[in-house]
Each structure stands twice: as C-alpha cells, then as structure tokens.
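Per my numbering, the very first residue in the sequence shown carries number 63; after that it's consecutive. Think of the CB as a built atom: it goes at the ideal place given N, C-alpha and C, for glycine as much as any other residue. Taking it in order: structure first as structure tokens, then the write-up.
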Amino acid sequence: MCQRASLFARGRGNILPGNARDVIAACTRGMADERPLRDGLVRQPARGIPRRLLCASRAEAGREAPFDRDYYRRFYFNPRTAVATREEMRSRARLIAALTAHAGLPVRRILEAGCGTGMLRAALRRLLPAAHYVALEASEYLCERYGWQHGRIEAYRARLPFDLVICYDVLQYLDERAAQRALENFGRLCRGVLYFSALTGLDLERNCDPLRTDANVHLRSAHWYRVR
C-alpha cells in the first residue's frame, strides 16, 4: 500500500487538514495498485533500478536540504532528472482551478507556500488572472532569481487571509515541530480552499522515480498528517 498525504478542503472558518468543515476530497493515492501513480502525473519509477536506491533517505532523511543553485539544477532545470514538467504543472493548475470553481469559491487571494521555480504559479495565474498571488519561498537563491517573497510557511503571517492556499510537496522538508506549526498556520491563513500534498515514507519507497525524487527529507506517514 502506498500512502501519500493529500488534501483538498473547503471551510467557512479556519481550515486545518484534520478538521476542515467541508472536506471535498481527502484521499490516499495509489492504494494497492500494481502500477501506483504519484498523483497520476509523475512518471513511473525507472525499470531495473534496485529498490534500495528508492530509499537513499534511510541514511540521509532529515538532513536540511541546501536549496541552492545545484539543488535546482538537478531537480528542476535538468530535464533528465527534473521532478516535474511544465505540462504536469499545467495539469495540476487546471485541477485546482476546476475544484475551486466546483466549490463555488471566488478566488481573489492566493498563497503558494513553497512556490519553487514558479511553474504552478505561471499556469494558475493564466486560469485565475484576477487573483492576487503571493509566492512564498524559503530558498534565498530562488527569491533572488525570481523575486519571490522570502519566508517560511510555519512562521508566515499576512494582514488578510487567502481564498486559496497551496502547499505542494513542501512539508516533508520540515522537521516535526516545524511541520506541525505549518499545519496550524494553514488555519490562520486560509478562509476558503486548501490544496495540500506531502511525500510520505511509503510513497518514497514504492511510488517514486529515484532519479527524480529528492530523498533528503523527513519521512512521515499519511496518518501523521491526517490526524493533525
């Protein structure tokens, strides 16, 4: 069984992954499937690569990742080892926009916590052009390169709440205390829709391409995220 912590939720007041008032979809991805998919978008694991390479994290998980130029060259800028493509991010943006429309939510303010190189931002701004978009990023390298707002999701504060908060594959880079604070902060920041996903231990072992997945993370179960 492959578990990936993932949530799309809507609430009229505070939103937390464990207690959103109106959960539209909260699910575990790739359950008991011979060909498990990572959100149905990321490529299948490369054939012929030993399972042990899927878990380089056993020795390295939990070390703070250096979000510098070399990191992004490997996982984003090199098409042979990039974790995602522009087409995948366009598909994800269409999904998010469609779900907010289905929920009947006017999206005027968007926060993307951990916006990376901005591929999702570019696609989503085309679909929701009237929304004010805050691109929050912890990497000083990316903030200098793209002009994102520097900050960390566990400590970020805003004068006004957001209709849509996106946090995709970020919290596995935070230790347990910081991840807990980030989840609590979603409730303060979001007054509409939360789109959240995080890499889990079983996801890394059974569901990821080892050439394209950063294993230098804090591995937790999907249950850990759900109960919070």
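Beta bridge counterpart(s) of residue i as assigned by DSSP
i              : result
isoleucine 158 : Looking at the DSSP assignment, isoleucine 158 forms no beta bridge with any residue, so it has no partner.
isoleucine 228 : Glu174 and Tyr257
cysteine 252   : Phe224
valine 196     : Leu173
glutamine 211  : Leu198
Pick from the options that is closest to residue i, judged by C-alpha positions
i             : options                           : result
leucine 264   : Arg250, His280 and Phe258         : His280
valine 232    : Leu157, Val289 and Gly178         : Gly178
histidine 283 : Ala159, Ala260, Pro128 and Tyr218 : The amino acid at residue 283 is misidentified as histidine; the sequence shows serine. Looking at the Cα atoms, Ala260 is the closest of the given residues.
leucine 204   : Arg135, Leu173 and Ala155         : Arg135
tyrosine 257  : Ala160, Arg131 and Tyr230         : Tyr230
tyrosine 23   : Thr262, Val289 and Gly176         : Residue 23 lies beyond the range of the chain shown here (63 to 290); nothing can be said about it.
valine 289    : Gln242, Asn278 and Val255         : Gln242
alanine 220   : Asn269, Arg207, Tyr195 and Glu206 : Tyr195
threonine 162 : Pro191, Ala193, Val255 and Arg207 : Val255
arginine 131  : Arg207, Ala192 and Leu222         : Arg207
Through-space distance from residue j to residue i, alpha-carbon basis
i              : j              : result
glycine 209    : tyrosine 235   : 22 angstroms
alanine 146    : leucine 245    : 24 angstroms
arginine 214   : alanine 200    : 5 angstroms
asparagine 247 : glutamate 149  : 30 angstroms
arginine 152   : glutamine 211  : 22 angstroms
arginine 274   : glutamate 267  : 13 angstroms
aspartate 276  : tyrosine 287   : 20 angstroms
leucine 189    : arginine 156   : 7 angstroms
proline 112    : threonine 143  : Here proline 112 scores only 42 on pLDDT, less than 50, and its place in the model should not be relied on; the value that follows carries that caveat. So the two alpha carbons sit approximately 17 angstroms from each other.
alanine 160    : arginine 171   : 16 angstroms
aspartate 237  : proline 128    : 15 angstroms
isoleucine 158 : threonine 262  : 21 angstroms
glutamate 202  : asparagine 140 : 20 angstroms
asparagine 278 : leucine 173    : 25 angstroms
leucine 222    : alanine 193    : 14 angstroms
proline 191    : tyrosine 138   : 25 angstroms
histidine 285  : asparagine 269 : 17 angstroms
leucine 187    : tyrosine 133   : According to the sequence provided, residue 187 is arginine. The question's leucine does not apply to it. For arginine 187 and tyrosine 133, the distance between alpha carbons rounds to 26 angstroms.
Beta-carbon gap between residue i and residue j smaller than 8 angstroms
i           : j             : result
alanine 197 : glutamate 216 : no
Fill in: Cβ contact check for the segment 156 to 171 and the segment 219 to 226: 3 or more pairs under 8 angstroms
yes
Worksheet entry | Three-pair Cβ contact test at 8 angstroms for the segment 177 to 184 versus the segment 239 to 253 | no
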